[in-house]
Amino acid sequence: MYLLFDCNNFFASCEQIFRPDWRGRPLVVLSNNDGCVIARSAEAKAAGIAMAEPYFKCRERLEHIGGIVCSANFALYSDFSERVISILEQSLPSVEQYSIDEAFAKLGDENLNDWEAEGRALRRRIKRWTGISVSVGLAPSKTLAKLANELAKKSPEARGMISLRSESDWRPILERTPISNIWGIGRRLAPRMQGLGIRTAAQLADSSLELLRRNFGVSGERIALELRGSSCIEDNCPNPRGQIMVSRSLKEGVKDWEQLRATLCRFVEKATRNLRDEKMMARSILVILRTSAFESEEQSHASSLSINLSHHSDDTREITAAAITLLKQAYRSGYNYKKVGILLSELQPIANLHPSFERPRIETSPLMSTLDTLQRAGHNIHFANQGQGETWHRAFSSPCYTSDWESLPEAH
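When we follow our numbering, the leftmost residue of the sequence shown carries the number 4, and every step to the right adds one.
If you want it as structure tokens, here you go:
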């Protein structure tokens, strides 16, 4: 059996924790550069604010209904995610974090009534200790647990948790659930299944495994087995990433070389930190630079240049030096650049790299490890080449309440 814990309206909930006056009001979180909506409170959803809707399109509606607008504060969201996972790990075996706001727990052979009670107790504890509301699904497979969790979110009488213990529990639900609502079936796969007459989750569960394998490969077969209650999706061990990219749109545009260089250095530091978090190294570096797509032909310029290092690396200093070299080649004075980014590729896990005479030891440098440790602890320590400020736009930033000493709330 699996328990799935999923934080409700996670980004919006994090923003409301330290602002009680924002609770019960429509609230949206905007992407970097305040471009589009990436999270909504329940009230914002009820008001018809759509996911990924550009902010300029919904701004007047939000003002009309007294909505709250927040720029993305990923430091805050990441910290609350770690707190929720920590609570789960204290009480459950085999906790597997699936995303920033979701985690599975594979359960032992104990009494199911005990696990259901534990799920409800943990839900209350997370709310009490963090302020975050979670929904819980219990089922014998991850796909069914995902479905139970979604139902728990939408069903007030479930009080935040639904258990699907046997086929008699989940069969009626599968019969009324479109296949497009099933975890693992995307927009491209659903029409192909519908073309074979498979329109509901129940029809998919009843389909011939040979037919599914022939048309959709082993993934289609596994989804059907999961809907029958057979667990066949292994613990989430994702394949190593092939690329890491960090880029932003620059709202006002940047002409100044120093400002553009500082922005790229900031992106390289973030990309290399992600690289080290995944215990990988990169060899190929690509720098992207372009003006707005709506500029006239005379004012338009776009370039993407790449270079291969002599060896795989996760060192911010090495990769930054190569990226700046590429940026110098790509940059043209007088153009108003609206986007800059870094792409790291040819990634390899450190464990897979072989030592050589020139590099007898392949490991992250002590300086990089120390920098990562300090940044995870909330210290705002960076390389000086980043300059003083960000060049993208965040007009509605909330404080980093939990990771910045200057932003800690004071109780009087």
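Don't be surprised by glycine CBs; every beta carbon is placed ideally from N, CA and C.
Here the structure is a predicted model, which means the values were calculated and not measured.
Excluding the five sequence neighbours on either side, which residues of its own chain have a C-beta within less than 6 Å of the C-beta of LYS258, listed in chain order?
Against the sequence shown, residue 258 aligns to sequence position 255. For LYS258, where only same-chain residues beyond five positions count, the Cβ hits under 6 Å are ASN339.
Could you tell me how far apart the beta carbons of ARG293 and LYS342 are, in whole angstroms, since I believe they sit closer than 8 Å?
In the sequence shown, counting from the first residue as 1, residue 293 sits at position 290. In the sequence shown, counting from the first residue as 1, residue 342 sits at position 339. Indeed, because the Cβ distance is near 5 Å, the residues count as touching under 8 Å.
Count the other CB atoms, across all protein chains shown, that sit within 10 Å of the CB of VAL271; report buried if there are 16 or more and exposed otherwise.
Indexing the sequence shown from 1 puts residue 271 at position 268. Answer is buried; the Cβ neighbour count reaches 16.
Any chance you could list the alpha helix (DSSP H) runs of at least 4 consecutive residues sitting entirely within the segment 151-223, in chain order?
170-178, 192-198, 204-209
Please state if the CB of ASP9 and the CB of GLU119 are separated by a distance shorter than 9 Å.
Your numbering for residue 119 matches position 116 in the sequence shown. Your numbering for residue 9 matches position 6 in the sequence shown. No.
Rounded C-alpha distance that separates ILE135 from SER102
In the sequence shown, the residue the question calls residue 135 occupies position 132. In the sequence shown, the residue the question calls residue 102 occupies position 99. Approximately 16 Å, taken between the alpha carbons.
Counting C-beta neighbours from all protein chains within 10 Å, is the total for ASP37 16 or more, i.e. buried, or is it exposed?
Walking along the sequence shown from the start, residue 37 turns up at place 34. It counts as buried.
Figure out for me which residue from LYS149, ASP317, GLY337, PRO175 has the closest Cα to the Cα of ILE188.
In the sequence shown, residue 188 corresponds to position 185, counting from 1. Between ILE188 and the set LYS149, ASP317, GLY337, PRO175, the nearest pair of CA atoms involves LYS149.
Are the beta-carbon atoms of LEU6 and LEU95 separated by less than 9 Å?
For the purposes of this step, residue 6 is taken as the residue at position 3 of the sequence shown. For the purposes of this step, residue 95 is taken as the residue at position 92 of the sequence shown. A contact, by the Cβ cut-off of 9 Å.
Range covered by the alpha helix (DSSP H) that runs through GLU413
Sequence index remark: in the sequence shown, residue 413 carries index 410 (1-based). Segment: none, GLU413 is in no alpha helix (DSSP H) and carries neither H nor E.
What residue from ALA47, GLU56, ASP82 has the CA that sits closest to HIS67's CA?
Your numbering for residue 67 matches position 64 in the sequence shown. Answer by Cα proximity: ALA47.
Can you look up LEU6 in the DSSP assignment and give me helix, strand or coil?
Looking up residue 6 in the sequence shown gives position 3. Correct three-state label for LEU6: strand.
Under a Cβ-count criterion, where at least 16 other Cβ atoms within 10 Å of its own Cβ denotes burial, should HIS315 be classed as buried or exposed?
To locate residue 315, count along the sequence shown from 1; it is residue 312. Buried, since its Cβ has 16 or more Cβ neighbours within 10 Å.
With distances taken between CB atoms, is the gap from LEU330 to ARG264 smaller than 9 Å?
Working through the sequence shown from its first residue, we reach residue 330 at position 327. Working through the sequence shown from its first residue, we reach residue 264 at position 261. In this structure, ARG264 lies closer than 9 Å to LEU330 by Cβ.
Any chance the segment 201-212 sits against the segment 171-189, with 3 or more Cβ pairs inside 8 Å?
yes
ALA155 and SER138 - do their beta-carbons sit closer together than 9 Å?
By one-based count along the sequence shown, residue 138 stands at place 135. By one-based count along the sequence shown, residue 155 stands at place 152. It is a contact, given that the beta carbons lie within the stated cut-off.
Distance, LEU212 Cα to SER401 Cα
Looking up residue 401 in the sequence shown gives position 398. Looking up residue 212 in the sequence shown gives position 209. SER401 and LEU212: Cα-Cα distance of roughly 50 Å.
Measuring CA to CA, which of ASP172, GLY140, SER81 is closest to LEU424?
This structure cannot speak to residue 424, because the chain is shown only from 4 to 415.
For ALA147, I'd like the list of residues in its chain whose CB is within less than 6 Å of its CB, leaving aside the five on either flank, ordered along the chain.
Reading the sequence shown from its first residue, position 144 is the one you call residue 147. As written in the sequence, residue 147 is Leu, which differs from the Ala given in the question. Excluding positions up to five away in sequence, the list reads LEU167, TRP173.
Rounded to a whole number of angstroms, what is the C-alpha to C-alpha distance between ALA45 and ILE165?
To locate residue 45, count along the sequence shown from 1; it is residue 42. To locate residue 165, count along the sequence shown from 1; it is residue 162. Answer to the nearest angstrom: the Cα atoms are 20 Å apart.
Could you check if MET371 is buried or exposed, using at least 16 other CB atoms within 10 Å of its CB as the buried criterion?
As a first step, residue 371 is located in the sequence shown; it is residue number 368 there, counting from the start. By the neighbour-count rule (16 or more Cβ atoms within 10 Å), MET371 is buried.
Helix, strand or coil: which one does DSSP assign to ALA324?
Translated into the one-based positions of the sequence shown, residue 324 becomes position 321. Looking at ALA324 - three-state DSSP - the assignment turns out to be helix.
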